[in-house]
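Participant: Starting off with a structure, shown below.
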Amino acid sequence: MKSLSKLLGLVIVGLLILIVGAGFALTHLIDPNDYKDEIRSLVQDKTGYDLQIDGDIGWSLFPWLGLELNDTRLARLDMHEQPFANVRLLALSVKVMPLLRKEIRMSDIRIEGLDLQLVRNAKGDSNWETSDAEAGTPASPATAADAPQEPVTPPTSIKLEIDSLIVNSARLDYRDEQGNRRITLENVQISAGAIGERRNIPVKLSGFLASDAPLLRARMEMSTSAWMDHSTRQYRLDNLKLAGELAGEPLNNKSANISATGNVQLDLQQQQLEWQQLRLSINQLKGMGELQVSQLSSDPAISGQLSLAAFSLREFLPGIGLELPKMQKKSALGHFELTTDLQGSSNSLLLNNASLRLDDSSFTGELGISNLEQGIMLVRLNGDQLSLDDYLPPATPADKPVRAAKSTGTGADTPPATPRDNPWDDSPLLPLDTLSDLNLDLELQLDRLTAEKLPLDNTRLSLQARNGNINLKQFTASLYGGGLTFSGSLDSKAAPARLRLHSTIDQLPIDKVMAALGEEAPVTGKLKLDSQLATSGNSQRQWISQLDGKANLEIIDGTLPDSNLEQQLCLAIATLNRKSLSQDYSRTSTPFNQLKTSASLSKGSVNTPDLRIAIPGLQIKGKGQLDLNHMGMDHRLDIILQGDTRPMPDPACTINQRYVGIEWPVHCRGPLADAGQNCRIDQDGLGKVATRLAGDKLTEKIEEKLKDKVSPDLKDALKGLFRK
Numbered sequence: 013m014k015s016l017s018k019l020l021g022l023v024i025v026g027l028l029i030l031i032v033g034a035g036f037a038l039t040h041l042i043d044p045n046d047y048k049d050e051i052r053s054l055v056q057d058k059t060g061y062d063l064q065i066d067g068d069i070g071w072s073l074f075p076w077l078g079l080e081l082n083d084t085r086l087a088r089l090d091m092h093e094q095p096f097a098n099v100r101l102l103a104l105s106v107k108v109m110p111l112l113r114k115e116i117r118m119s120d121i122r123i124e125g126l127d128l129q130l131v132r133n134a135k136g137d138s139n140w141e142t143s144d145a146e147a148g149t150p151a152s153p154a155t156a157a158d159a160p161q162e163p164v165t166p167p168t169s170i171k172l173e174i175d176s177l178i179v180n181s182a183r184l185d186y187r188d189e190q191g192n193r194r195i196t197l198e199n200v201q202i203s204a205g206a207i208g209e210r211r212n213i214p215v216k217l218s219g220f221l222a223s224d225a226p227l228l229r230a231r232m233e234m235s236t237s238a239w240m241d242h243s244t245r246q247y248r249l250d251n252l253k254l255a256g257e258l259a260g261e262p263l264n265n266k267s268a269n270i271s272a273t274g275n276v277q278l279d280l281q282q283q284q285l286e287w288q289q290l291r292l293s294i295n296q297l298k299g300m301g302e303l304q305v306s307q308l309s310s311d312p313a314i315s316g317q318l319s320l321a322a323f324s325l326r327e328f329l330p331g332i333g334l335e336l337p338k339m340q341k342k343s344a345l346g347h348f349e350l351t352t353d354l355q356g357s358s359n360s361l362l363l364n365n366a367s368l369r370l371d372d373s374s375f376t377g378e379l380g381i382s383n384l385e386q387g388i389m390l391v392r393l394n395g396d397q398l399s400l401d402d403y404l405p406p407a408t409p410a411d412k413p414v415r416a417a418k419s420t421g422t423g424a425d426t427p428p429a430t431p432r433d434n435p436w437d438d439s440p441l442l443p444l445d446t447l448s449d450l451n452l453d454l455e456l457q458l459d460r461l462t463a464e465k466l467p468l469d470n471t472r473l474s475l476q477a478r479n480g481n482i483n484l485k486q487f488t489a490s491l492y493g494g495g496l497t498f499s500g501s502l503d504s505k506a507a508p509a510r511l512r513l514h515s516t517i518d519q520l521p522i523d524k525v526m527a528a529l530g531e532e533a534p535v536t537g538k539l540k541l542d543s544q545l546a547t548s549g550n551s552q553r554q555w556i557s558q559l560d561g562k563a564n565l566e567i568i569d570g571t572l573p574d575s576n577l578e579q580q581l582c583l584a585i586a587t588l589n590r591k592s593l594s595q596d597y598s599r600t601s602t603p604f605n606q607l608k609t610s611a612s613l614s615k616g617s618v619n620t621p622d623l624r625i626a627i628p629g630l631q632i633k634g635k636g637q638l639d640l641n642h643m644g645m646d647h648r649l650d651i652i653l654q655g656d657t658r659p660m661p662d663p664a665c666t667i668n669q670r671y672v673g674i675e676w677p678v679h680c681r682g683p684l685a686d687a688g689q690n691c692r693i694d695q696d697g698l699g700k701v702a703t704r705l706a707g708d709k710l711t712e713k714i715e716e717k718l719k720d721k722v723s724p725d726l727k728d729a730l731k732g733l734f735r736k
């Protein structure tokens, strides 16, 4: 028995010696370089590619099955002069004995000087793809229905171990002649430690990326500890560190330093990707959060959280190529911070439950892109305050409100002529090219919005924009106790652009609004307005010249500044009474209880056919035109005296029975900015009044003479005769 065991041992040792000897003989007596042509033909027949080995082939058989290729090229058969892959050195080896146990144990894999030249021509054909016919794959004569059905067995798990992977000086050049773009990866370095399942694998990667559409340059570095388990289809990148620098056209030729860290987990069985402990940095921007993506193979769903620490948008945005215009407040955009939940899909990305702070303003709500395919942005925010003035360009002399030249006439002059110069600016007001591509759903609520120094309280804004059609669904606010409601639309793609606006204003104090704007109010009081207006164009001059519509206007508890109508009327009454005024009429304004009119607008001309003004002791009615193109007016007013209501009236201005119902004519003409100073007694109309008063006085004398001497019928006939 011992002899048999000894014999078997000698046989086994002998076989091993023979195998090692055969392997030694094969690797030293057979030179694979002598078979390059055979290898090339075999690859052509089996794959349809042309493998050309210009350098030496090195190989080993036992205990490592090794292969080393130098200066090797790979191309399509029909493009063998234009290889898509070149490698200076490819070296790898596999241990033989573990292969018998379905284990792959490899030593170092080294790839030096890999150069991939991938081209897709204008027809869509690539230089790296080959057809089945070129690959020598025979067509199957049987159809899928005719083929016998065999039971599907799950793939057998193969254990893989690699001592290390090294890729030096790799390069990829991808040219798409269809899309007219080119992407290049250069100086790619990859190194990985011992590779195997359920073990930490140190990995490092670096390289440079370039693109010509758009023009872009990037440097990138990555390090991580990778982990994988094929049986459970779970993969991890622990302690992931990404860093790089980005520059080019998207950044307006500025550069951005980018870094990201965290732990990434991929579970293909659960179809879920997670990025935990995310830390993100882009120049001054610093953020942290968590990111999850589920349903990877069907309809990916994104969720997570993100927080951005306080930073300055004023410094950050120019650093990534977004130049900021000058603003009224130099420190505007100096503070921004954000905390939000993330929600998205393959066609959307939203910031939900967002809480953000911009300078002195705080907002909550949601914003993002609700439809990536159509480019629809969504903004729904509630805020405490926002000073829009802080972010507007500084005021220039051209921005001052338009005013017509002031009149220099005195109270005794006839009304000045209406102005003829057009004071409106003709420069473009709206960025129509930008608005024509705008797709936006906006819902904004603010406790206070400051615009043009006007404090708008309880502001509500609802707006929708689709491909240049902008619909202002509603804008409501409270201003100095008055109410504002607006709705309208803008068609920015029309030529010229068309605008419509429906306005409702209630109890708005005119003097406070004008004072906030730094202007003198032509009238004071509380304004009520309902208007429906339409215009076209894109400048002040075009908007005014094409302004059409209708309006109803009312001002209550108002005054006419710089206009003492009472003095002018009393002068007229005193003249008719042939008396001199004994009291001083030094008041510089005329109060009124109500100013009311309707208006129709056409091409910037406003027709007011039914103007009514109620002043203590007076009733005024009239009609006329407002020329908004030249900021002029031409109105004729009829003033009905109701008597001096002061406790101690001027005897010369006392209204007797003869003046009751008399319509005293006033003509207002000239620049609109000085409406009060451009009103004069209408001399032609005053002559008609004098004629009527003379007829009334003669009638009184006839009545006194006749008394009871004639019949009542004759007396009435005589009165009527002299009043005609």
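The numbering of the sequence shown is our numbering, which starts it at 13 and goes up by one.
Positions of the beta carbon are idealized from the N, C-alpha and C atoms, including for glycine.
Keep in mind it's a predicted model, so treat the numbers as computed, not measured.
So does the region 478 to 494 actually touch the region 552 to 564, counting three or more Cβ pairs closer than 8 Å?
Facilitator: no
Participant: Can you look up arginine 52 in the DSSP assignment and give me helix, strand or coil?
Facilitator: helix
Participant: Measure the CB-CB distance between leucine 513 and glutamate 566 and report whether it falls below 9 Å.
Facilitator: no
Participant: If you reduce the DSSP assignment to three classes, tell me which class asparagine 690 lands in.
Facilitator: helix
Participant: Does the Cβ-Cβ distance between lysine 107 and glutamine 190 come in under 9 Å?
Facilitator: no
Participant: Rounded to a whole number of angstroms, what is the C-alpha to C-alpha distance between asparagine 383 and serine 358?
Facilitator: 9 Å
Participant: Out of Asp646, Leu684, Asp662 and Pro661, state which residue places its alpha-carbon closest to the alpha-carbon of valine 678.
Facilitator: Asp646
Participant: Return the Cβ separation of glutamate 464 and leucine 368 in integer angstroms, given the expectation that the two are a contact with Cβ distance under 8 Å.
Facilitator: About 25 Å; that fails the 8 Å criterion.
Participant: Should the region 60 to 75 be regarded as contacting the region 113 to 123, the criterion being three or more beta carbon pairs within less than 8 Å?
Facilitator: no
Participant: Inspect the CB distances between the region 215 to 232 and the region 294 to 314 and report whether three or more fall short of 8 Å.
Facilitator: no
Participant: Is the beta carbon of glycine 377 closer than 9 Å to that of leucine 400?
Facilitator: Going by C-beta atoms, leucine 400 is not nearer than 9 Å to glycine 377.
Participant: Beta-carbon within less than 6 Å of serine 223's beta-carbon, same chain only, minus the 5 sequence neighbours each way: which residues are those?
Facilitator: Ile195
Participant: With distances taken from CA atoms, which of Ala321, Lys341, Arg52 and Leu444 is nearest phenylalanine 348?
Facilitator: Ala321
Participant: Specify, as a first and last residue, the run of the beta strand (DSSP E) that phenylalanine 328 falls within.
Facilitator: From DSSP, phenylalanine 328 is part of no beta strand (DSSP E) but of the alpha helix (DSSP H) over 325 to 331.
Participant: Mind checking threonine 422: buried by the 16 CB within 10 Å criterion, or exposed?
Facilitator: Low local confidence applies: a pLDDT of 47 at threonine 422 is under 50, so the model's placement there is unreliable, with the coordinate-based value given in what follows. Per the 10 Å Cβ criterion, exposed.
Participant: Could you tell me which uninterrupted beta strand (DSSP E) segments, each at least 3 residues in length, are contained entirely in the region 544 to 574, listed from first to last along the chain?
Facilitator: 560 to 573
Participant: Pair every Cβ in the region 518 to 536 with every Cβ in the region 499 to 507, then say whether three or more of these pairs are closer than 8 Å.
Facilitator: no
Participant: Below 9 Å between beta carbons: does that hold for glycine 333 and asparagine 269?
Facilitator: no
Participant: Between leucine 104 and tryptophan 239, what straight-line distance do the alpha-carbon atoms span, to the nearest angstrom?
Facilitator: 22 Å
Participant: Taking DSSP as the reference, what is the three-state secondary structure of glutamine 283?
Facilitator: coil
Participant: When DSSP labels each residue in this structure, what does methionine 526 get in the three-state scheme?
Facilitator: helix
Participant: May I have the straight-line CA-CA distance separating arginine 88 from isoleucine 69, to the nearest angstrom?
Facilitator: C-alpha of arginine 88 to C-alpha of isoleucine 69: approximately 22 Å in a straight line.
Participant: In terms of alpha-carbon separation, which member of Lys216, Leu285, Gln284 and Gly260 lies closest to lysine 253?
Facilitator: Nearest C-alpha to lysine 253 among Lys216, Leu285, Gln284 and Gly260: Lys216.
Participant: Roughly how far, in whole angstroms, is the beta-carbon of glycine 570 from the beta-carbon of valine 618, given that I think they are within contact range, below 8 Å?
Facilitator: Contact doesn't hold; Cβ gap of about 19 Å is too wide.
Participant: What is the DSSP secondary structure of isoleucine 585, reduced to helix, strand or coil?
Facilitator: helix
Participant: Verify whether the separation of the beta carbon atoms of alanine 255 and serine 267 is less than 9 Å.
Facilitator: no
Participant: Beta-carbon within less than 6 Å of asparagine 470's beta-carbon, same chain only, minus the 5 sequence neighbours each way: which residues are those?
Facilitator: Ser490
Participant: State the start and end residues of the unbroken alpha helix (DSSP H) segment that holds valine 535.
Facilitator: Unbroken run through valine 535: none, as it is neither H nor E.
Participant: With DSSP as the reference, label methionine 339 as helix, strand or coil.
Facilitator: It is coil, neither helix nor strand.
Participant: By how many angstroms is the C-alpha of isoleucine 625 removed from the C-alpha of valine 537?
Facilitator: At residue 537 the sequence reads glycine, which differs from the valine that was named. Between glycine 537 and isoleucine 625, the C-alpha separation is close to 12 Å.
Participant: Is it buried or exposed for alanine 509, if we count other Cβ within 10 angstroms and need 16 for buried?
Facilitator: The residue in question, alanine 509, is buried, as its Cβ has 16 or more Cβ neighbours within 10 Å.
Participant: Taking all protein chains shown into account, do 16 or more other C-beta atoms lie within 10 angstroms of the C-beta of alanine 366, making it buried, or fewer, making it exposed?
Facilitator: With a 10 Å radius around the Cβ and a threshold of 16 neighbouring Cβ atoms, alanine 366 comes out buried.
Participant: Within 10 angstroms of its Cβ, does asparagine 4 collect 16 or more other Cβ (buried), or is it exposed?
Facilitator: Nothing about residue 4 can be read from this structure; the chain reaches only from 13 to 736.
Participant: Applying the 10 Å Cβ sphere with the 16-neighbour rule, what's the burial state of glycine 673?
Facilitator: Answer is exposed; the Cβ neighbour count stays below 16.
Participant: Based on Cα-Cα distance, which residue from Ile651, Leu325 and Pro683 lies nearest to leucine 638?
Facilitator: Pro683
Participant: State the start and end residues of the unbroken beta strand (DSSP E) segment that holds proline 663.
Facilitator: From DSSP, proline 663 is part of no beta strand (DSSP E); its letter is neither H nor E.
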